[in-house]
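Visitor:
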Amino acid sequence: MGGVRWSLVVPAKRLGAAKTRLAPLTGGGRGDRPDLHASLVLALLADTVAAARACPAVAAVVVVTDDERAAATVRALGARTVADEPDRGLNPALAHGARATGAAAVAALSSDLPALRPAELAAALDAAAAVPRGFVADAAGTGTTLLTASGVPLDPHFGSGSAAAHTAAGALALTGDWPGLRRDVDTPADLREATGLGLGPATAALLPRLPRPAA
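Residue 820 in this note's numbering sits at position 132 of the sequence shown; the count goes up by one each step and never skips.
#1: Output the boundary residues of the beta strand (DSSP E) element that contains residue 838.
#2: Are residue 759 and residue 753 closer than 9 Å when you measure CB to CB?
#3: Residues in the same chain with beta-carbon distance under 6 Å from residue 798, minus the five sequence neighbours each way, listed in chain order, please.
#4: Leaving aside the five residues before and after residue 819 along the sequence, list all residues of the same chain whose C-beta is less than 7 Å from its C-beta, in chain order.
#5: CA-CA distance, residue 898 and residue 880?
#6: Does residue 862 come out as helix, strand or coil in the three-state DSSP assignment?
#7: Is the separation between the beta-carbon of residue 890 and that of residue 804 shorter than 9 Å?
#8: Just to confirm the assignment, what range does the alpha helix (DSSP H) spanning residue 761 have?
#9: Looking only at DSSP bridge pairs, what is residue 797 linked to?
#10: With DSSP collapsed to three states, give me the class of residue 829.
#11: Can you give me the start and stop residues for the beta strand (DSSP E) that residue 748 sits inside?
#12: Can you give me the Cβ contacts of residue 741 inside the same chain, cut-off strictly under 8 Å, excluding the 5 residues immediately before and after it?
#13: Can you pull the DSSP bridge partners for residue 822?
#14: Residue 741 by DSSP, collapsed to three states: which one?
#15: Going by DSSP, what residue range makes up the alpha helix (DSSP H) through residue 815?
#16: Check this for me: beta carbons of residue 732 and residue 876, under 9 Å apart or not?
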């Protein structure tokens, strides 16, 4: 199973619309720190993409985005970008990105995994190679951070309750000791937990600019 190499699709919203629940840390791009929110969103994305690119099971990373700063950031890390041509929300964007890879083994990865380790991702993808469709639930057990498809359409159902939605759509829950892969960051509390796991360099470098409780 370890010989399978995957193309990963990562979604990246326009920076001003992304991660609104992190606004208590950043002011949401308002006030006296207008660029801090965008910088944090970019840092989360950069650490996620860098970890994916360093994973030996990953052949390519494709980021679906219409944001020029996000596109420039991930291209510098070796990822490819495609425009969000459907422009109909997250799941159509991921399906579009999956088709754009042209790969038989494709996976959708959340863009906010700053504590992700390449070895964790490799282990999860190795487990995924045994099933047509699989997913990794988030730390809460209700969301999804990784959805995989091998030889079948990706069929993403991200959003509220996505773990149950992916199960209902026939994907198998993948289990393993992958704390960084499960720890997506939507809130200040999530960022504190990710910090405890060990952040990637981009997010770690930004921490001194954030309010002290986040670190």
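Glycine residues also receive a C-beta, built at the ideal position from the N, C-alpha and C atoms. These numbers come from a predicted model, not from an experiment.
Guide: The relevant details are as follows:
#1: 832-838
#2: In contact: residue 759 and residue 753 (Cβ atoms closer than 9 Å).
#3: For residue 798, the CB contacts under 6 Å within the same chain, skipping 5 residues up- and downstream, are 833 and 872 in chain order.
#4: Cβ-Cβ distances below 7 Å link residue 819 to 860 in the same chain, with the five nearest sequence neighbours on each side left out; the list follows chain order.
#5: 11 Å
#6: coil
#7: no
#8: 756-764
#9: 834
#10: coil
#11: 746-753
#12: Cβ contact annotation for residue 741 (same chain, cutoff 8 Å, sequence separation greater than five): 749, 765, 766 and 767, in chain order.
#13: 836 and 860
#14: Under the three-state reduction of DSSP, residue 741 is assigned to helix.
#15: Per DSSP, residue 815 belongs to the alpha helix (DSSP H) from 806-816.
#16: no
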